[in-house]
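According to the working numbering, the stretch in the sequence shown is residues 25 to 115, in order.
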Amino acid sequence: MLEAALNHVNKHAKVSLCGMISGYNKVWTEREGVRNLLNLIGKQVTMQGYMVDSYFDRFGDFAKEMESHLKEGKIGSKIKSSRDSKISWRA
Numbered sequence: 025m026l027e028a029a030l031n032h033v034n035k036h037a038k039v040s041l042c043g044m045i046s047g048y049n050k051v052w053t054e055r056e057g058v059r060n061l062l063n064l065i066g067k068q069v070t071m072q073g074y075m076v077d078s079y080f081d082r083f084g085d086f087a088k089e090m091e092s093h094l095k096e097g098k099i100g101s102k103i104k105s106s107r108d109s110k111i112s113w114r115a
């Protein structure tokens, strides 16, 4: 996925890295590599990794801001109802 994104990234883009759970339990020699990292240089891209737990202290602020965006219709979903989707939502 990252490799595809780097083929289409804009000049001076900022890319956040989080997740990559499929590689968590692999030895580094077993992990697959990205072959087009040179695009980062040519397009002057900044990449930064982060861990979700580094931002737990800001979750309350995030929830308030997202709630207002949802109510105002600034953010939506393509899923019309949980019955229309295979996704199971839980509170």
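C-beta atoms are modelled at their ideal positions from N, C-alpha and C, and glycine is treated no differently.
Exposed unless 16 or more other CB atoms sit within 10 angstroms - verdict on Leu30
buried
Nearest-angstrom Cα separation, counted from Ser92 out to Val51
43 Å
Between which residues of its own chain and Arg114 is the CB-CB distance below 7 Å, once the five residues before and five after are set aside?
Legend: pLDDT at Arg114 = 45, less than 50; position of this residue unreliable, value from coordinates given subsequently. Counting only Cβ-Cβ distances below 7 Å, and skipping sequence neighbours, we find nothing.
Is Val69 closer than 7 Å to Ala37 when the C-beta atoms are compared?
yes
So, with DSSP's three-state summary, where would you put Met71?
strand
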